[in-house]
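Reading through the structure tokens given below for one structure.
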Amino acid sequence: MSNREIPETSPSEQSEAFSLAVDGMGGDGAPDVVVAGLAIAADRHPGMRVLLTGDEAKLRPLLARHPKAEAICTIWHTDESIPMDMKPTAALRVRKSSMRLGMDAVASGKARGVVSAGNSGAMLALAKIVVKTLPGISRPAMAAISPTIKGDVVMLDLGANVVCDWRNLVEFAVMGEAFAKAVLGLPAPRIGLLNIGSEELKGDEKLRIASEVLRESPLASQFHGFVEGHDITAGTTDVVVTDGFTGNVALKTGEGALKMATTLLRQVFSRSLVAKLGYLLVRPGLERMKEWLDPRRYNGAVFVGLNGVVVKSHGGTDAEGFAAAVDVAMDMVTHGFNDGIRERLSHMGALLSHQQSVAEREPAVIAS
Numbered sequence: 176m177s178n179r180e181i182p183e184t185s186p187s188e189q190s191e192a193f194s195l196a197v198d199g200m201g202g203d204g205a206p207d208v209v210v211a212g213l214a215i216a217a218d219r220h221p222g223m224r225v226l227l228t229g230d231e232a233k234l235r236p237l238l239a240r241h242p243k244a245e246a247i248c249t250i251w252h253t254d255e256s257i258p259m260d261m262k263p264t265a266a267l268r269v270r271k272s273s274m275r276l277g278m279d280a281v282a283s284g285k286a287r288g289v290v291s292a293g294n295s296g297a298m299l300a301l302a303k304i305v306v307k308t309l310p311g312i313s314r315p316a317m318a319a320i321s322p323t324i325k326g327d328v329v330m331l332d333l334g335a336n337v338v339c340d341w342r343n344l345v346e347f348a349v350m351g352e353a354f355a356k357a358v359l360g361l362p363a364p365r366i367g368l369l370n371i372g373s374e375e376l377k378g379d380e381k382l383r384i385a386s387e388v389l390r391e392s393p394l395a396s397q398f399h400g401f402v403e404g405h406d407i408t409a410g411t412t413d414v415v416v417t418d419g420f421t422g423n424v425a426l427k428t429g430e431g432a433l434k435m436a437t438t439l440l441r442q443v444f445s446r447s448l449v450a451k452l453g454y455l456l457v458r459p460g461l462e463r464m465k466e467w468l469d470p471r472r473y474n475g476a477v478f479v480g481l482n483g484v485v486v487k488s489h490g491g492t493d494a495e496g497f498a499a500a501v502d503v504a505m506d507m508v509t510h511g512f513n514d515g516i517r518e519r520l521s522h523m524g525a526l527l528s529h530q531q532s533v534a535e536r537e538p539a540v541i542a543s
């Protein structure tokens, strides 16, 4: 199928909306990686329907080579795309880019979510302007899944908001809990606030206020309290909440530590014949560890707090990695991710409003 213009979706046709809009031209390996990834995802999600935005002349031959992807895709043609180095302000002016059409599809109800491996800054800017923020959420955040010794952990914010206040952190906790439920399948995810210590007196004012609010909220039974950096990989909690500056530093530090460990292991096992023989003995275990820590399994950062599902794939991923990002988006769409956020916020509205009024009228009382 191919449509150059997708008709408007009426309220009575919402069930017929596309499962996802996918930016066919975003990412270092696009469009080849995108189409190959959709072919893999098609096997995992029977019934998935994809609105594939991009240059039909480039997409059509690729779909012909991947019949599983072709069977689920409708092309929405555009010959415009957003380069990986384009500034967000410039990207906003490209009204018919493949990324913009995907966002437009979600905003209009033609698709329930969007996936792109394109320019991160442009994607966040477009998501805020086109898809818009959920009512009750002051700022969207970036969330992703990381491995721990006990399973997986959801971390947010990972860079969308460098500076945050206590309300942002509480909202991140709400969104992180909904994300862990939808994607990790956890019925009652445990939540921790990242801090310089686990003691209640540690940290700055915004952390202490956020902690107090969460302890009085409907999430109180799931709130673990403050966690430290080592708790992230220890799996102390299922959700780790922090500001975007700290979260991004923690994420990049973890990635760097993993690369260092991999490099050191390679050096150790290549130093001598005995070391190489030792590698052969432990190879099955190392292969299992490599599979568990494979970054492609964790591809798919999510901009949470928006009026639709918006998933950012790593720009340099391969087909398996892109399929993992599609998996994340489909889990969120299927399990009503945003409905979970709306429900939590409806139960926390009075508490947040009260704390906000106290913060505005009596800052000295809060500080004490």
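Count the sequence shown with our numbering and you get residues 176 to 543, in order. Even glycine gets a Cβ: it sits at the ideal position worked out from N, Cα and C. This one's a predicted model, so the numbers in the text were calculated from it and none came from an experiment.
Phe398 to Arg365 span [Cα, whole Å]
As a working mapping, residue 398 is identified with position 223 in the sequence shown. As a working mapping, residue 365 is identified with position 190 in the sequence shown. So the two alpha carbons sit approximately 6 Å from each other.
Ordered list of beta strand (DSSP E) runs contained in the segment 368-447, each at least 3 residues:
398-402 and 414-416
Ignore the nearest five residues each way along the sequence and tell me which others in Gly296's own chain have a CB closer than 8 Å to its CB.
Numbered from 1 along the sequence shown, position 121 holds the residue referred to as residue 296. Taken in chain order, the residues that qualify are Lys262, Pro263 and Ala266.
Return the first residue and the last residue of the beta strand (DSSP E) that Ala476 is part of.
Here residue 476 is taken as the residue at index 301 of the sequence shown, counted from 1. From DSSP, the beta strand (DSSP E) with Ala476 extends over Ala476 to Val479.
Should Val225 and Val208 be called a contact, given that it needs their Cβ atoms to be closer than 8 Å?
Taking the first residue of the sequence shown as position 1, residue 225 is located at position 50. Taking the first residue of the sequence shown as position 1, residue 208 is located at position 33. Their beta carbons are not under 8 Å apart, which means Val225 does not touch Val208 by this criterion.
Pick from Leu237, Gly311 and Gly372: whose alpha carbon is nearest that of Gly516?
Counting from 1 along the sequence shown, the entry for residue 516 is found at position 341. Before going on, a small fix: residue 516 reads as Ile here, not Gly. Ranking the options by Cα distance to Ile516, first place goes to Gly311.
Can the beta-carbon of Ala316 be found closer than 8 Å to that of Asp332?
Against the sequence shown, residue 316 aligns to sequence position 141. Against the sequence shown, residue 332 aligns to sequence position 157. Against a cut-off of 8 Å, the Cβ pair of Asp332 and Ala316 comes out as a contact.
When you compare the CB positions of Gly490 and Asp203, do they come within less than 8 Å of one another, or not?
Along the sequence shown, read from residue 1 onward, the residue named residue 490 stands at position 315. Along the sequence shown, read from residue 1 onward, the residue named residue 203 stands at position 28. For Gly490 and Asp203, yes; Cβs fall inside 8 Å.
Does the distance from the C-beta atom of Val290 to that of Ala504 stay below 8 Å?
Taking the first residue of the sequence shown as 1, we reach residue 290 at position 115. Taking the first residue of the sequence shown as 1, we reach residue 504 at position 329. Cβ atoms of Val290 and Ala504: closer than 8 Å.
So what's Ile366 in DSSP terms, helix, strand or just coil?
Stepping through the sequence shown from its first residue, residue 366 is reached at position 191. Strand.
Here's a check: name, in chain order, each residue in its chain whose Cβ is nearer than 7 Å to the Cβ of Ser187, leaving out the five neighbours to either side.
Here residue 187 refers to the residue found at position 12 when the sequence shown is read from its first residue. Note that Ser187 scores a pLDDT of 35, beneath 50, so its modelled location is shaky; the value from the coordinates is reported in the next line. The answer is none, since no qualifying residue turns up.
Helix, strand or coil, according to DSSP, for His252 in the structure here?
As a first step, residue 252 is located in the sequence shown; it is residue number 77 there, counting from the start. DSSP places His252 in strand when its eight states are reduced to three.
Which complete alpha helix (DSSP H) runs does the segment 197-239 hold, if anything under 4 residues is left out?
207-219
Determine whether the beta carbon atoms of Thr249 and Ser272 lie at a separation below 8 Å.
Within the sequence shown, residue 249 is the residue found at index 74, counting from 1. Within the sequence shown, residue 272 is the residue found at index 97, counting from 1. Contact: no.
For Leu331, report the span of its beta strand (DSSP E) as first-last.
Along the sequence shown, one-based indexing puts residue 331 at 156. Asp327 to Leu331 is the extent of the beta strand (DSSP E) around Leu331.
Straight-line CA distance for Asn474 to Phe420?
Position 299 of the sequence shown holds residue 474. Position 245 of the sequence shown holds residue 420. Using only the alpha carbons, I get a separation of about 20 Å.
Can you tell which of Ala211, Gly212 and Ala286 has the C-alpha that lies nearest to the C-alpha of Val508?
Here residue 508 refers to the residue found at position 333 of the sequence shown. When each option's Cα is compared against that of Val508, the closest is Ala286.
According to DSSP, is Asp340 part of a helix, a strand, or is it coil?
Taking the first residue of the sequence shown as position 1, residue 340 is located at position 165. Reduced to three states, the DSSP call for Asp340 is coil.
Determine the closest residue to Arg441 out of Arg458, Leu368 and Gly480, with distance taken between C-alpha atoms.
In the sequence shown, the residue the question calls residue 441 occupies position 266. The option with the nearest alpha carbon to Arg441 is Arg458.
When DSSP builds the beta bridges, which residues end up paired with Met317?
In the sequence shown, the residue the question calls residue 317 occupies position 142. According to DSSP, Met317 bridges with Phe478.
Pair every Cβ in the segment 383-401 with every Cβ in the segment 420-432, then say whether three or more of these pairs are closer than 8 Å.
no
Buried or exposed: where does Asp279 fall if 16 or more other Cβ atoms within 10 Å of its Cβ makes it buried?
In the sequence shown, counting from the first residue as 1, residue 279 sits at position 104. Buried: at least 16 other Cβ atoms inside 10 Å.
For the alpha helix (DSSP H) containing Lys243, name the first residue and the last one.
As a working mapping, residue 243 is identified with position 68 in the sequence shown. Lys243 -> alpha helix (DSSP H) spans Pro242 to Ile247.
Simplified DSSP state of Ser283, which is helix, strand or coil:
The residue given as residue 283 occupies position 108 in the sequence shown. Reduced to three states, the DSSP call for Ser283 is helix.
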